[in-house]
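Asker: Dumping the structure here so I can ask a few things about it.
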Amino acid sequence: MKRNTIAICVVALATGLVSANAFATEPAGKPNVLFIAIDDLNDWVGHLGGHPDAKTPHIDRLAQRGVSFTNAHCAAPACNPSRAALLSGLRPSTSGIYQNPHDWVNTLADVTTLPQFYRQQGYLVLGGGKIFHGSARADKYFDDYYRRKELPPPKTPYNGLGLAHFDWKAIDVTEEEMPDYKLVSWAADVLNKPSDKPLFLAVGIVKPHLPWYAPQKYFDMYPKDQITLPDVPDDDLDDVPPIGLRMANPTRDHKAVTDADQWRDAVQAYLATNSFVDDQVGRLIDALDRSPRANNTVIVLWGDHGWHLGEKQHWRKFTLWEEATRAPLIFAAPRMTKPGVLCSRPVDFMSIYPTLADLCGLPIPDHVEGASLCPLLEAPDTAWDRMALTTHGRGEHGVRCDRWRYIRYHDGTEELYDHASDPMEWTNVAAKPEHAELKEQMGKWIPKNEVPNAPVAGGYKKRSRSKR
Numbered sequence: 002m003k004r005n006t007i008a009i010c011v012v013a014l015a016t017g018l019v020s021a022n023a024f025a026t027e028p029a030g031k032p033n034v035l036f037i038a039i040d041d042l043n044d045w046v047g048h049l050g051g052h053p054d055a056k057t058p059h060i061d062r063l064a065q066r067g068v069s070f071t072n073a074h075c076a077a078p079a080c081n082p083s084r085a086a087l088l089s090g091l092r093p094s095t096s097g098i099y100q101n102p103h104d105w106v107n108t109l110a111d112v113t114t115l116p117q118f119y120r121q122q123g124y125l126v127l128g129g130g131k132i133f134h135g136s137a138r139a140d141k142y143f144d145d146y147y148r149r150k151e152l153p154p155p156k157t158p159y160n161g162l163g164l165a166h167f168d169w170k171a172i173d174v175t176e177e178e179m180p181d182y183k184l185v186s187w188a189a190d191v192l193n194k195p196s197d198k199p200l201f202l203a204v205g206i207v208k209p210h211l212p213w214y215a216p217q218k219y220f221d222m223y224p225k226d227q228i229t230l231p232d233v234p235d236d237d238l239d240d241v242p243p244i245g246l247r248m249a250n251p252t253r254d255h256k257a258v259t260d261a262d263q264w265r266d267a268v269q270a271y272l273a274t275n276s277f278v279d280d281q282v283g284r285l286i287d288a289l290d291r292s293p294r295a296n297n298t299v300i301v302l303w304g305d306h307g308w309h310l311g312e313k314q315h316w317r318k319f320t321l322w323e324e325a326t327r328a329p330l331i332f333a334a335p336r337m338t339k340p341g342v343l344c345s346r347p348v349d350f351m352s353i354y355p356t357l358a359d360l361c362g363l364p365i366p367d368h369v370e371g372a373s374l375c376p377l378l379e380a381p382d383t384a385w386d387r388m389a390l391t392t393h394g395r396g397e398h399g400v401r402c403d404r405w406r407y408i409r410y411h412d413g414t415e416e417l418y419d420h421a422s423d424p425m426e427w428t429n430v431a432a433k434p435e436h437a438e439l440k441e442q443m444g445k446w447i448p449k450n451e452v453p454n455a456p457v458a459g460g461y462k463k464r465s466r467s468k469r
């Protein structure tokens, strides 16, 4: 989308087709932003089709209001590097933040992050829940911040696996007692409070991050005897290079879950926790719709990465396969996004920062490495010459285009999957000579230069010392 078209859209959002009392407490001009981050939410969302049993009517309802990117991928398949990249505008290969232990606070000290950018642009910037990874001085990034209080953990894991937070169960609490419910209640109050500045509100929902605890009613939505398990061939890892096999680590979590006959329980729990999260998204969108900001707010919803539940004989994130990289990405803004559109162009979350700036009519900072998605918001089928890049450690990269996934590890070993005929990525065709040119083209998106690892954060150092 050309900048003058964006400017027209911004004016329309700020002034056009608005009810008489809608802006009684709203400043004219810049639109508000509702920034919804969901931890560990993969593509098990109704309209994304990641799991046939998934029930997420509210996220699907939000998708019906705007554009959902069905081929969207994280910059890194772990919380810290994914969020650091998205919020700073710098890829892991530029910042050195490749893994969860890497110190983003000091490494990015001189970088204008997304919340800081909006503060510089005159916004009231409020946040709550999990936005950045780990603790930081909230006043550096936000005007005010709501910190969730977690439920007390059980004395021992409920599922009997003995793997600490790798646990799941229906728990005897009400929905209102859940920390994410309280977070959304806080955010709803914020949306109704008057302000002399436009609002940037970041709401970081922590579930479905482990442990998968939710009230019983959400587990009741998914009777265990009716759960569909992922299809996992016994020989799925036979054509995977050694580095990929180490990432999968099938003798750890997958063996523990299957040996304990907990696979169906785990899938039920993840689906249940997702439905709890979906209800909180519904409450948040309803609160916005009842607020004075209803007609002047850009909404973006994203999951920070995907999650394996046995696919590739792997659990958690931490791989370069589709299950770990694909996650929801939805933009909705009155009169600026076409309602109910699915865009299948390959995009990654480096585009969230520049797209929000574009939608708000703000200058995109020079350091930001992603491309604005505004051309696709205007015309989702328009030509798009970019590919999605995911990095999991220095030298380990995955590239996604419309049809193919290409993975190259630091030792030069490769994987290539054809999603037209192999959507589950069961057959690695990288060795076939007819794909040499395709691999070369996709390989051009892999960074040629990568900075060394950032220092390890102090909290991780303390944890390591305590385990010795």
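Residue 2 is where the sequence shown starts when you use this note's numbering, and the numbers rise one by one after that. Quick reminder that beta carbons are idealized off the backbone N, C-alpha and C, glycines included. Keep in mind that this is a model prediction, so the values were computed, not measured.
1) For A189, which residues of its own chain have a beta-carbon under 6 Å away from its beta-carbon, when the five flanking residues on both sides are left out?
2) Just verifying my parser: in three-state terms, what is the DSSP assignment at C344?
3) Could you check the C-alpha separation between D41 and H210 for me, to the nearest Å?
4) Put S292 into one of helix, strand or coil per three-state DSSP.
5) Starting from N33, trace the beta strand (DSSP E) both ways and give me its first and last residue.
6) Go ahead and pull the three-state DSSP assignment for E326.
7) Label G371 either buried or exposed according to how many other C-beta atoms from any shown protein chain fall within 10 Å of its C-beta, with 16 as the threshold for buried.
8) Do you know offhand how far L115's Cα is from R401's?
9) Using a Cβ distance threshold of 8 Å, determine whether the region 118 to 132 contacts the region 173 to 191, with at least three qualifying pairs required.
10) Let me know the secondary structure DSSP gives I244 once reduced to three states.
11) Since I believe P376 is in contact with V342 (beta carbons under 8 Å), could you give me their beta-carbon distance rounded to a whole number of angstroms?
12) Within 10 angstroms of the Cβ of Q541, are there 16 or more other Cβ atoms? Answer buried if so, exposed if not.
13) Please say whether L125 and L35 have beta carbons closer to each other than 7 Å?
14) With a threshold of 6 Å on Cβ separation, who are the neighbours of T383 within its own chain once the five nearest residues in sequence on each side are excluded?
15) DSSP state of V457, grouped into three classes?
16) Any idea which residues DSSP pairs Y418 with across the strands?
17) May I ask you to verify whether the region 293 to 300 touches the region 220 to 240, counting CB pairs closer than 8 Å and requiring at least 3?
18) Looking at P93: is its Cβ nearer than 7 Å to the Cβ of H166?
19) I'd like to know whether the C-beta atoms of V299 and P32 end up nearer to each other than 7 Å.
20) Pick helix, strand or coil for D367, following the three-state DSSP scheme.
21) Give the secondary structure of V106 by DSSP, where H, G and I count as helix, E and B as strand, and everything else as coil.
22) In or out: T175 buried (at least 16 other Cβ within 10 Å) or exposed?
23) Helix or strand or just coil, what does DSSP make of H134?
24) Report all residues from its chain with a CB closer than 7 Å to the CB of W264; omit the five preceding and five following residues, and keep chain order.
25) Express the C-alpha separation of G307 and G245 in angstroms, rounding to a whole number.
26) Which of the three DSSP states is assigned to D287 in this structure?
27) For R406, count neighbouring Cβ atoms within 10 angstroms of its own Cβ and tell me buried if that reaches 16, exposed if not.
28) Would you kindly work out how many angstroms separate the C-alpha atoms of E416 and A64, rounded to a whole number?
29) On a CA-only basis, which of S83, A334, L302, A86 is nearest V278? Give me that one, please.
30) Rounded to a whole number of angstroms, what is the C-alpha to C-alpha distance between T338 and N81?
31) Give me the residue from H59, L87, A171 with the minimum Cα distance to I286.
32) With DSSP as the reference, please indicate the residues paired to I447 in a beta bridge.
33) When burial is assigned at 16 or more other CB atoms within 10 Å of the CB, is K194 buried or exposed?
34) Can you give me the start and stop residues for the beta strand (DSSP E) that S69 sits inside?
35) If we ignore side chains and look at the alpha-carbon of each, how far apart do G163 and A215 end up?
36) Contact between the region 66 to 76 and the region 347 to 355 is defined here as three or more beta-carbon pairs at a separation below 8 Å; is this criterion met?
Answerer: According to the structure shown:
1) A288
2) strand
3) 5 Å
4) coil
5) 33 to 39
6) Note on residue identity: the sequence assigns Thr, not Glu, to residue 326. Three-state result, T326: helix.
7) buried
8) 25 Å
9) yes
10) helix
11) With a Cβ gap of about 13 Å, V342 and P376 do not count as contacting.
12) Outside the displayed span of the chain (2 to 469) sits residue 541, for which this structure offers no information.
13) no
14) P376
15) strand
16) R406
17) no
18) no
19) yes
20) coil
21) helix
22) exposed
23) coil
24) L230, V258, G311
25) 17 Å
26) helix
27) buried
28) 32 Å
29) L302
30) 30 Å
31) H59
32) DSSP lists no partner for I447.
33) exposed
34) 68 to 70
35) 19 Å
36) yes
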